[in-house]
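Residue numbers (this note's numbering), protein chains in the order written: chain A, 10 to 195; chain B, -6 to 259; chain C, 794 to 1332; chain D, 357 to 482; chain E, 281 to 610. Even glycine gets a Cβ: it sits at the ideal position worked out from N, Cα and C. Quantities reported herein were computed from a predicted structural model and do not represent experimental measurements. Structure first, commentary second.
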Amino acid sequence: MDLGQAISQKKAAILGKWFRLIMDTYPLDASGFLGREKDRFANPVGYTISREIEVLYDELLQDMDSEKLAASLDSIIRIRSVQDYPPSEAVSFVFLLKKAIREELGDDISDNQAYADLLAFEARIDKLALLALDIYTKCREKIHQIRLNEVKTETERAFRLLEITRRMHDVPDAEEHPGDGENLSP
Amino acid sequence: METNRRVFLKVAGLATLGFMVTKPALDVFARGQFGEASVGEALDPPHEVGTTTKWGMAVNLTACSEKDGCTACTDACHDYHNVPDIDNKEEEIKWIWTAPYEKVFPEHGNEFIEDDLRGSEVMVLCNHCEHPPCIKVCPTRATWKREDGIVMMDFHRCIGCRYCMAGCPYGARSFNWKDPRPFIKETNPDFPTRTRGVVEKCNFCAKRLSKGLQPACVEACPEKALTFGNLLDDHSELREILATHTIVRRLPELGTEPNVYYYKAD
Amino acid sequence: MPEEKLKPEEILDISYTPPQKDWIKPDVKFKKGSFGYAAQGKHLKYLDLPNPRDWRPQEDDWQLPEDWENIIVKGIKERLGKNRAFQLFLDVCVRCGACADKCHFFIGSGDPKNMPVMRTELLRSVYRKNFTMAGKILGKLAGARDLSVDVIKEWYYYFYQCTECRRCSVFCPYGIDTCEITMMGRELLSLIGINANWVTEPVANCFRTGNHLGVPPHAFKTSIDSALEDIEDVTGIKVDAPINKKGAEILFITPSADYFALPHWYTLMGYLMLFHEIGLDYTWSAYASEGGNFGFFQSAEMAKRLNAKIYAEAKRLGVKWILGGECGHMWRVIHQYMDTYNGPADFMEEPVSPITGTKFENARSTKMVHICEFTADLIHNNKLKLDPSRNDKWRLTFHDSCNTSRGMGLLEEPRYVINNTCNNFFEMPDNTIRERTFCCGSGAGLGSDENMEMRLRGGFPRANAVRYVHEEHGVNLLSCICAIDRATLPPLLEYWVPEVQVSGVHELVGNALVMKGEKERTTDLRGEPLNGKEGQEDV
Amino acid sequence: MYDAGKIISGIIIFFILVSFPIWISAASGTIGDVPELNLPADEEQCVEDAEWMRANHMDLLIDWRETVVREGVRVYTASDGKEYNMSLTDTCLDCHSPKAEFCDQCHDYVAAVPNCWSCHVDPGGS
Amino acid sequence: MNALYAFFAVALLMLVAFFGVWGLGWNTLFAVMIPYAALAIFIIGLIYRVVKWARAPVPFHIPTTCGQQKSLPWIKSDRIESPSSTMGVVARMAMEILLFRSLFRNDKVQLEDKKRVTFQGNRVLWLGGLVFHWSLLIILFRHSRLFMQPVPDFMIFVRDIDGILQGLIPAVFITDIAILMALTYLFLRRVVFPQVRYISLPSDYFALFLLLGVVILGVLVKTAWKVDIEGVKVLAMGMFTFNPVVPEGIGPAFYIHIFLASVLLAYFPFSKLMHGPGIFLSPTRNLINNSRAVRHINPWDYPVKVHTYEEWEDEFREAIRGVGLPLEKE
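Next comes the structure, spelled out in structure tokens:
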């Protein structure tokens, strides 16, 4: 049996393995919940990951449509980039697929041809990982931008307030009291 | 030797609890010089039971029909077994009863041959079939076939589902819709009554057989029309009758193979 | 963010199974993006709070007072005696875990200490050690632990990772409300000078100027006036907004963000237009210019101090009753606390709608009515002319705010208003709305920008449900009745579902309201063209 | 808000519930009564050791029932070698009739209601 | 680990009773004195704890509302989940206490994306909890026959219903099986589910093992190692008259059973088992959602420092005047 066939035939097993490996990157105590609870609203994290890795898997086997790949990667990485992960761990889930395949297909990778096929497939996974890094960076940039926006609106608001205040005379000193020109938005 | 049932109880009890208790420990808890292990030891080999026995009955249609309206066998049986007398077709209980010949043998359409029997009442009871349909449907195994051929009822186990009544093609089973005790004129303390929600029927007087007595109906018949005996005994009177007469059984086409036989006297 | 590139083998060289740690040993790292800055000394000083100083949570030395242990233990003891809920909730939890996966922070982060039961256990373990026999004797075996600086740090980290949303309390078989525990935890921390700046600074502002934003009276007036100008631009009608008017029938109180921030602003316009249209005899107050109450996120005492001005102002102005704007925790305080804090409000009258004559019997003691109750009553009595098609560009859903749904039970009124002012309304899935609604992830003083990652994490369950209705029904607007929601849901959705915007319910009312003598509207309150009216736009 | 009244009544209700057995027993005046068994005068030894029978007679009877009804075996050999007819009415009640003076004593006392008597007939009864 | 500590603790207790009775023959201690003491600790301890809770007031009115409030007459309010009357609260508490309403709420049955209906996991906890507690109650009911003379008919009725399977399997009660299954489930979920394992303390396991021990021994003395039930009742009734007679010839299993039960009773007031009485006092469940209609009094309320209007006006007088707003003092 050629490896491509094996990979598509054992899809369910490999995906299951991949999902469990990803869940293991969460604190041990949470993975039970994330992996078990199936409701997409009660457990959005587990649901999103299990749904999107299936799309990724299918694309890896077919034509690697980069838009579809990006969309699926985005759904997962968007979550992981706000969770407590350093960049390496946030995108490491892609590489876990290699581990899942090698563990599930152990016996099928017997001859040289199969091994060459495997390496070719893994090259695709590496591409995916690079894409993932791009997306991760974009997500982080987005977070910074949102933060900046928020600071900016606050500053704008503060300036507006200052402006109004300056128009008046005899207003209390801005330095000594709370509430003048340095507001935070509740 | 412990009885199977007791072993079962103990094992089941412990297994459900997930305990592995060794015998010595058990004995400490069981306490007493009197281990349960010794209860019921050295049982005698079973009396009267075994593959050498198969009970059957032959009914002499001619003799019986001569006394139409006679209820000796039914009375004897019902008195002995504390069968209540409920005067209501829907709720009545019967072990032995009578039915018109045409109803008992509906497939017999031979003119002339049976002319003498037409219109007469035939005594009927549980046929203790070779292949009883009633026992297959019982969910609690409350009714089963003994090795000696008797189709027995264990009233203790009966849960009143009445599947057996639906299964019996002869209508030999009755259901206690209400407490039977008020309807028993005189209670025979030798035999238990039944309680509401239990099915009952003829048991070939299993208790009397164990004492070496003939069934009550056989004993009571003034015409000696009933012959009871061991079908596996080549020399029994019963076998003799079967060998020398034309025999009919009820609804043979059903393949139940009744052990109650009917014949016409010579 | 570290920008260094990792080699593939380095990426692969990761231990995926974290060590199984016992929670009992405190262990907390203050990572950028997941905690709020500490309150500055000057604010503490202004509010007469203990141990004023400037300090940073990520530094080792938190500059606690000498006898801080005593203060905490005494603080716990005092609160045990003063609050049955606190004592009961510490005693009766059986750790069944029903609450565990109900917390949006746990769902979004997987951090086990974000399970409500664990959040409480952080405090409960200290309670055991100091107040129960088993804890004193058996120690760790009984789940007890010593008070240490690390425990305090853990408290700060996790008690400011709880939005006091009460979702766990809905599912707890004993009704244990982690909000109560978090409130006690924060009070205790405050005793030794540990406060979050995003709580304390607004509190100090509010104490001084009357509102969290620190808007002084003249700025307040200017702000309201510019809303009136905006309304004239849209409708051609000059609307009046009386401020500090004595003898008015009704005092209107709303959170300060409504008259200073976006998208709150459009909701403010909605209020003003509505009041004008029905000719309400009401007044704003520049002194009680805040409905929200960040004091509630610090301590009961602080909540009471800030809340006092509402009744004081109602009394001074001689109003008959008070009307309250759209806000979440403001209504928790008004509904469940205000009368207790600062009542009885016997100088006012039982609220009666001057337009419909409806008696608001449910507010007969507190004398304060929710704007949604008020508007729903108007609509029900056909007092408003509404054109829902003006909201046709919106396909909207409604986000129940935690406090109004679980601390008040205001569920149908806003829906009634929405259904009468909009044509395209879609509910989010059942287990994410009404009493089971998910928090925005930024309530209770967590909405600071430095805490952004934590907010995005905590708000994910909510955003996920929004994304669902966005994908299923093309929803493009999330409507809500909470000022914190309106402030923090836009960045949340910008990250998770950028296609969906946020509004207040009365913005929709303002859009749909057909006013007497208005010019033909070409834009909505946001100044964006109305559906199909693009061509006629001339300004 | 203490709700003292409600809590005190709650405690009282709890106390009444917990002590309910005492009141009901005291009210009936039978609190100290113990069963009195009418033991057969002419028989020294039950089928098995009396102490064992106290705890296990139900097992024995069920065992008899199964053996007789299902296996058709009617003779029981006791541990001392004596043989008995396995019959509730014939053997047990032979000594222990009427049941009211024996069986019912303890059964009523501990409210254990066997269903033997809904079918089996006590010859000494009524 | 935590489970092991608890297991050894319960095992130790069993050994103590076993050697106390079998080795040392201290039957009276285990059959009479310890139960007396345990009962006393239970009643006094429980009242002490409840009184301790009761001495702390409920300063604020904080029901968790799980449904529509009562506001406008034409809006249908949820009278139970957001109670507007005492009856509503009684109904809410009854549903909570008798049916575990909140646990049942857990999640709805839902149509998943793959169009199959899923029965959400945590209802199992509700079922396990409910089966356990109801079985325990019925078992206590059944035991009451040992403490009453005469035994009321409804107690016998409950027992008959519970024993309905006995027609087929003697000496087995439905609740015996049910409680064993429920306790096993409650234990297993603490071991199997990582997040529940994380939150579980030795005391959580201890309570479970103790209950399991009591139940298992209880089933054993009824099936495998039968005891003279009449003797037990004579003992129990004797305790009421302070004249207990320890029956002869009862095996250690019975003593272990009552010893563990005694430990459970004595442990009750000092443990999380107080959730039973506690639920009645829970302010998020037992208050009417009427806090805007009826004023709730905080008994320890005290005056606080506020920023008065006068102080405010003094501070901002010029600004107020500047925009033409009215002033109290010009």
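Under the 8 Å criterion on CB atoms, S983/C is classed as non-interfacial with respect to chain E.
In this structure, D1278/C sits near H1192/C, with a CB-CB distance shorter than 8 Å. Per DSSP, the continuous alpha helix (DSSP H) segment holding I1172/C begins and ends at 1164 to 1173.
Contact annotation: F380/E and L416/E have beta-carbon atoms that are not nearer than 8 Å. Around the beta-carbon of W855/C, 16 or more other beta-carbon atoms lie within 10 Å, marking it buried. DSSP, read as helix, strand or coil, puts I143/B in coil. Counting every other CB atom within 10 Å of its CB across the protein chains shown gives Y485/E a total of 16 or more, marking it as buried. For the region 1008 to 1037 of chain C, the set of residues with a beta-carbon nearer than 9 Å to any beta-carbon of chain E comprises P1009, P1010, H1011, A1012, F1013, K1014, T1015, D1018, I1036, N1037, in chain order. Here T133/B has R150, I152 as same chain residues with Cβ atoms under 6 Å from its own Cβ, once five neighbours each way along the sequence are excluded. Listed by position along chain D, the residues whose Cβ is nearer than 8 Å to that of P432/E are I380. Under the Cβ distance rule, D389/D counts among the residues neighbouring chain E, one pair being separated by less than 8 Å. With three or more CB-CB distances shorter than 8 Å, the region 446 to 461 of chain E counts as touching the region 495 to 508 of chain E. Proximity of the region 999 to 1008 of chain C to the region 1285 to 1292 of chain C falls short of the contact definition, fewer than three beta-carbon pairs being nearer than 8 Å.
Here the C-alpha atom of L420/E lies approximately 11 Å from the C-alpha atom of V438/E. In the three-state scheme derived from DSSP, where H, G and I count as helix and E and B as strand, V404/E is classed as helix. Around the beta carbon of A159/B, fewer than 16 other beta carbons sit within 10 angstroms, so the residue counts as exposed. With 16 or more other CB atoms across the displayed protein chains lying within 10 angstroms of its CB, S1235/C is buried. The alpha-carbon of W848/C is positioned some 18 Å away from that of A997/C.
Under the Cβ distance rule, K875/C counts among the residues neighbouring chain E, one pair being separated by less than 8 Å. Taking the Cα of I88/A as reference, the smallest distance to any Cα among E61/A, K108/A, N121/A, I23/A is reached at E61/A.
Within chain E, no residue has its beta carbon less than 7 Å from that of M442/D; the closest one is some 17 Å off.
Here R1248/C is buried: its Cβ has 16 or more other Cβ atoms, across all protein chains shown, within 10 Å.
Distances from the alpha-carbon of D442/E to those of I418/E, M428/E, V603/E, T344/E put I418/E closest.
By the criterion of a C-beta distance shorter than 8 Å, I1211/C is surrounded in its chain by L1189, F1191, F1218, S1272, V1298, L1301, once the five residues flanking it on both sides are discounted. Close partners of H452/D in chain B (Cβ separation under 8 Å) are lacking, with about 14 Å as the shortest Cβ gap. Looking at M367/E, Y285/E, R329/E, the one whose alpha-carbon comes closest to that of I364/D is R329/E.
For the options A487/E, D440/E, Q349/E, Y478/E, the alpha carbon positioned closest to that of H555/E is the one of A487/E.
Put simply, the CB of P1137/C is near chain E, with a gap under 8 Å to one of its CB atoms. G868/C has a beta carbon lying at 8 Å or more from every beta carbon in chain E. For M313/E, there is no enclosing alpha helix (DSSP H), since its DSSP letter is neither H nor E.
The criterion of a C-beta distance shorter than 8 Å is not satisfied by Q349/E and S365/E. For W333/E, the secondary structure class from DSSP, reduced to helix, strand or coil, is helix.
Secondary structure in the region 375 to 426 of chain D: no alpha helix (DSSP H) run of 4 residues or longer lies completely within the stretch. With at least 16 other beta carbons inside 10 angstroms of its own, M911/C counts as buried. As DSSP reads the structure, L1179/C sits in a beta bridge with L1306/C. Around the beta carbon of M281/E, fewer than 16 other beta carbons sit within 10 angstroms, so the residue counts as exposed.
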